[in-house]
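Participant:
Number of protein chains: 2
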Amino acid sequence: MKFTCNRDLLAEGLSIAQRAIPSKSNYPALECVLIDVSEDLVLTGSDTDISITYQVPVMIIEEIGSALVNAKFFYDIIRKMPDIYVTIETAEKGGNLVVNCGNSHFDVPTINPDQYPKISFLEDNENILELPASTLKTLIKQTAFAASVDSARMILRGVLIENADDFLKFVAIDGYRLAVKSSPSAYSEDFRIVVPAKVLIELSKIIEKSESDVRFCFSENQVKFYDNSFSLVSGLLKGEFPNYNSLFPEESKCVMTVKNQTFIDTIERVSLVIVDDKKWFVDLKTYPDQVFICATGEYGKAHETVSADISGQEVLISFKEKILVECLKAIEKENITVTFSSESGPCIITSEEDDSYFILLMPVKNKSR
Amino acid sequence: MKFTCNRDLLAEGLSIAQRAIPSKSNYPALECVLIDVSEDLVLTGSDTDISITYQVPVMIIEEIGSALVNAKFFYDIIRKMPDIYVTIETAEKGGNLVVNCGNSHFDVPTINPDQYPKISFLEDNENILELPASTLKTLIKQTAFAASVDSARMILRGVLIENADDFLKFVAIDGYRLAVKSSPSAYSEDFRIVVPAKVLIELSKIIEKSESDVRFCFSENQVKFYDNSFSLVSGLLKGEFPNYNSLFPEESKCVMTVKNQTFIDTIERVSLVIVDDKKWFVDLKTYPDQVFICATGEYGKAHETVSADISGQEVLISFKEKILVECLKAIEKENITVTFSSESGPCIITSEEDDSYFILLMPVKNKSR
Numbered sequence: 000m001k002f003t004c005n006r007d008l009l010a011e012g013l014s015i016a017q018r019a020i021p022s023k024s025n026y027p028a029l030e031c032v033l034i035d036v037s038e039d040l041v042l043t044g045s046d047t048d049i050s051i052t053y054q055v056p057v058m059i060i061e062e063i064g065s066a067l068v069n070a071k072f073f074y075d076i077i078r079k080m081p082d083i084y085v086t087i088e089t090a091e092k093g094g095n096l097v098v099n100c101g102n103s104h105f106d107v108p109t110i111n112p113d114q115y116p117k118i119s120f121l122e123d124n125e126n127i128l129e130l131p132a133s134t135l136k137t138l139i140k141q142t143a144f145a146a147s148v149d150s151a152r153m154i155l156r157g158v159l160i161e162n163a164d165d166f167l168k169f170v171a172i173d174g175y176r177l178a179v180k181s182s183p184s185a186y187s188e189d190f191r192i193v194v195p196a197k198v199l200i201e202l203s204k205i206i207e208k209s210e211s212d213v214r215f216c217f218s219e220n221q222v223k224f225y226d227n228s229f230s231l232v233s234g235l236l237k238g239e240f241p242n243y244n245s246l247f248p249e250e251s252k253c254v255m256t257v258k259n260q261t262f263i264d265t266i267e268r269v270s271l272v273i274v275d276d277k278k279w280f281v282d283l284k285t286y287p288d289q290v291f292i293c294a295t296g297e298y299g300k301a302h303e304t305v306s307a308d309i310s311g312q313e314v315l316i317s318f319k320e321k322i323l324v325e326c327l328k329a330i331e332k333e334n335i336t337v338t339f340s341s342e343s344g345p346c347i348i349t350s351e352e353d354d355s356y357f358i359l360l361m362p363v364k365n366k367s368r
Numbered sequence: 000m001k002f003t004c005n006r007d008l009l010a011e012g013l014s015i016a017q018r019a020i021p022s023k024s025n026y027p028a029l030e031c032v033l034i035d036v037s038e039d040l041v042l043t044g045s046d047t048d049i050s051i052t053y054q055v056p057v058m059i060i061e062e063i064g065s066a067l068v069n070a071k072f073f074y075d076i077i078r079k080m081p082d083i084y085v086t087i088e089t090a091e092k093g094g095n096l097v098v099n100c101g102n103s104h105f106d107v108p109t110i111n112p113d114q115y116p117k118i119s120f121l122e123d124n125e126n127i128l129e130l131p132a133s134t135l136k137t138l139i140k141q142t143a144f145a146a147s148v149d150s151a152r153m154i155l156r157g158v159l160i161e162n163a164d165d166f167l168k169f170v171a172i173d174g175y176r177l178a179v180k181s182s183p184s185a186y187s188e189d190f191r192i193v194v195p196a197k198v199l200i201e202l203s204k205i206i207e208k209s210e211s212d213v214r215f216c217f218s219e220n221q222v223k224f225y226d227n228s229f230s231l232v233s234g235l236l237k238g239e240f241p242n243y244n245s246l247f248p249e250e251s252k253c254v255m256t257v258k259n260q261t262f263i264d265t266i267e268r269v270s271l272v273i274v275d276d277k278k279w280f281v282d283l284k285t286y287p288d289q290v291f292i293c294a295t296g297e298y299g300k301a302h303e304t305v306s307a308d309i310s311g312q313e314v315l316i317s318f319k320e321k322i323l324v325e326c327l328k329a330i331e332k333e334n335i336t337v338t339f340s341s342e343s344g345p346c347i348i349t350s351e352e353d354d355s356y357f358i359l360l361m362p363v364k365n366k367s368r
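Protein chains in written order, with numbering that gives the first Met the number 0: chain Z, 0 to 368; chain H, 0 to 368.
(1) Taking the alpha carbon of residue 35(Z) as the reference point, which residue from 25(Z), 205(Z), 9(Z) has its own alpha carbon closest?
(2) Checking the sheet assignment: what are the DSSP bridge partners for residue 310(H)?
(3) Give the range of the beta strand (DSSP E) segment to which residue 162(H) is assigned.
(4) Distance check for residue 200(Z) and residue 267(H), CA to CA, integer angstroms please.
(5) How should residue 26(H) be labelled, buried or exposed, when 16 other C-beta atoms within 10 angstroms of its C-beta is the threshold for buried?
(6) Pairs of beta-carbons, one from the segment 234 to 251 of chain Z and one from the segment 149 to 160 of chain Z, closer than 8 Å: are there three or more?
(7) I'd like to know if residue 242(H) contacts chain Z, where contact means its C-beta is closer than 8 Å to some C-beta of that chain.
(8) Taking DSSP's pairing of strands, which residues face residue 105(Z) in a bridge?
(9) Taking 8 Å as the threshold (C-beta atoms), are residue 353(Z) and residue 332(Z) in contact?
(10) Any C-beta of chain H sitting closer than 8 Å to the C-beta of residue 397(Z)?
(11) Check this for me: beta carbons of residue 53(H) and residue 229(H), under 8 Å apart or not?
(12) Please report the distance separating the alpha-carbon of residue 21(Z) from that of residue 144(Z).
(13) Put residue 268(Z) into one of helix, strand or coil per three-state DSSP.
(14) Should residue 298(Z) be flagged as near chain H, meaning a C-beta pair shorter than 8 Å?
(15) Please state if the CB of residue 86(Z) and the CB of residue 102(Z) are separated by a distance shorter than 8 Å.
(16) Output yes if chain Z places a C-beta closer than 8 Å to the C-beta of residue 304(H); else output no.
(17) Any beta carbon of chain H sitting closer than 8 Å to that of residue 271(Z)?
(18) Are the C-beta of residue 103(Z) and some C-beta of chain H separated by less than 8 Å?
(19) According to the neighbour-count rule (16 or more other Cβ atoms, all chains shown, within 10 Å of its Cβ), is residue 180(H) buried or exposed?
(20) Residue 141(Z): buried (16+ other C-beta within 10 angstroms of its C-beta) or exposed?
(21) Whole angstroms are fine: how far does the CA of residue 177(Z) sit from the CA of residue 4(H)?
(22) From the DSSP output, read off the bridge partner residues of residue 64(H).
(23) Pull up the DSSP beta-bridge partners for residue 43(H), would you.
(24) Ordered along the chain, which non-local residues of its own chain (more than five positions away) have a Cβ less than 7 Å from that of residue 351(H)?
(25) Below 8 Å on C-beta distance, what does residue 95(H) contact in chain Z?
(26) Taking Cβ positions only, does residue 106(Z) come closer than 8 Å to chain C?
(27) To the nearest angstrom, how far is it from the Cα of residue 129(H) to the Cα of residue 208(H)?
(28) Three-state secondary structure (DSSP) at residue 334(Z)?
(29) If you measure beta-carbon to beta-carbon, which residues of the segment 56 to 88 of chain Z are closer than 8 Å to chain H?
(30) Compare the C-beta of residue 6(H) against all C-beta atoms of chain Z and say whether one is closer than 8 Å.
(31) Under 8 Å, Cβ to Cβ, is there at least one residue of chain Z near residue 368(H)?
(32) Go ahead and label residue 174(H) buried or exposed: buried means 16 or more other beta carbons lie within 10 angstroms of its beta carbon, across all protein chains shown.
(33) Helix, strand or coil for residue 174(H) per DSSP?
(34) Would the segment 251 to 270 of chain H count as touching the segment 183 to 197 of chain H if we require 3 or more Cβ pairs under 8 Å?
(35) Going by DSSP, what residues sit across from residue 88(Z) in a beta bridge?
(36) What are the boundary residues of the alpha helix (DSSP H) that residue 373(H) is part of?
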């Protein structure tokens, strides 16, 4: 194997392939990036749950072949190379990899690429959706945070991707909250698949700067997201995703509209008296034109009022501070509207500026109140 | 106690007093900042080894008194207050502290200030030196890094401050290197004191943005650095500081001048093959007009050449990478000159652009070479 390419493009590709590569594995080949040169230069990284390939533009291919080299180390040396062109070669499978760049010369041990696990990359099939990277990023950002990170029910660690009634919906739920974001869909067939939230979070990092379209297709067991450079493949989560529509309350006791950033700042400030947020909560009490926010914790008591448009009955309700603030931050609009169903039932957080996004949030019982 | 002051000035003072306050202590009063209001508002923080006072400009003093409150928490709430004016009061010694700012109200438990340890702050005496903050910062930055962090010989954890022959010198030494920085001194009397390096590092952070003069005075056991706002007091280290002048070699086998940043970048790059830097070292070999830099480590071998002006005999010598790079970075000049005394003796690193600064660096034996 021997090729010459641009240092920065190679480093970019390595940084993306690395998103699937574990820093430590019992199986050393998995700590490596697979470099494969035939017609193109393709990098592969995988922890077997999630696999990424990335095609790097290459300047000269002198000899085809492949090599398996520690991913973190290889990325470190490539991005620190002194010159813009890097030549990489290996005389034989599993032999040393020689990297030349300017005055710099590295001679690096590798693993025989035959030891790399066989990764089944889903072939393109008829189930292909295409959407702008920015839309996909928003769908992920506004839902994946609400998935459970440690639930014994694996299905809750995923995000439901549902196509129905001309809308593509992303839905995530944990014990406290439910987030639903929808986007118009041109895809005609209905489907429901559940993708691990951590996979979607890695995907959103890969497409962070992308302004082009991202496609995705799926089979019964796998999903693939891809564009002209990268492919990301993951297994789907199996099981019954909760029927979230039944969770939305029908009654409304009080509706409050408030400046979101002021509301967030105040909740965070008042909650500074709390150290153990499993034990101490933040209380909201609605008045006709303001909301009273207070907390008691290890460091004493704090309270503050914030102006708000409020209609309906007075409500006194408590939340876990971090979970409430995460939901409010996810809205990303100037004003938010909270509809309280009761003092013990779920509230709905949304914004008049965006009717495609809803969060359902459960209050907690504050016994210390 | 009751006073009103500017939020940002109070937060600034708390951030400085906090530099002496341990985040955890067996004696809870030491985790607190002492707020003392008489003619002025003075904040005090101490871990008993190092003590800092800071005078905060105050707008209105309604009642004198003092309070002792958890430093980290109090700093957090003050800097996040919604308005620019903060009113702070406590009804009685050890009673709750009430903080009012805009719509925000905090009610915070405190500790009786009588529980705060008595701190002896050195009175101004006849041994007073004054120097620009920028000079003091340079003296610290170029020497304190070379002090030992864990030597059993406590004296080596300090920086020698020596006044002699119209120069003020800062000197630090550990097992591998010696750094000496001098500055013209207007102070006529000779002295030698040893100040803990970690105290000087905190001092340099306190005066980081300062452009005024800093004074310092000392007694047999204590040193005090101060300006119009802050005072920092620390104990001196006792014992025999090594006679560093005898360590400078007289012979010179080879003299090399090289672009410092290029040299640093190359050493760091080549050393990427090394994981365990206690076992693997970086080798330098001088040639008439270039230096060859190479390393062998867990990730293979690497080498690279850098252009240099070199006179004298060829030298092959090895260093611990991190220690060599720390010394080179401390020079902060475009070109550095390294004078090699031999392949096993110390070298002197300096720059023609600055004759007030020398580093002496010991090589290591590289058995794997």
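All residues carry an ideal CB built from backbone N, CA and C; glycine is no exception.
From a predicted model like this one, the values you see are computed outputs, not experimental measurements.
Facilitator: So, from the data block:
(1) 9(Z)
(2) 254(H)
(3) 157 to 163
(4) 33 Å
(5) exposed
(6) yes
(7) no
(8) 98(Z), 301(H)
(9) yes
(10) Nothing can be reported for residue 397(Z), as the shown portion of chain Z is limited to 0 through 368.
(11) yes
(12) 22 Å
(13) helix
(14) yes
(15) no
(16) yes
(17) yes
(18) yes
(19) buried
(20) buried
(21) 44 Å
(22) 36(H)
(23) 33(H), 52(H)
(24) 334, 336
(25) 299
(26) Protein chains in the displayed structure are Z and H, and chain C is not among them.
(27) 17 Å
(28) strand
(29) 69, 72, 75, 76, 79, 80, 81
(30) no
(31) no
(32) exposed
(33) coil
(34) no
(35) 1(Z), 97(Z)
(36) Within the shown structure, residues of chain H are numbered from 0 to 368, placing residue 373(H) beyond reach of any answer.
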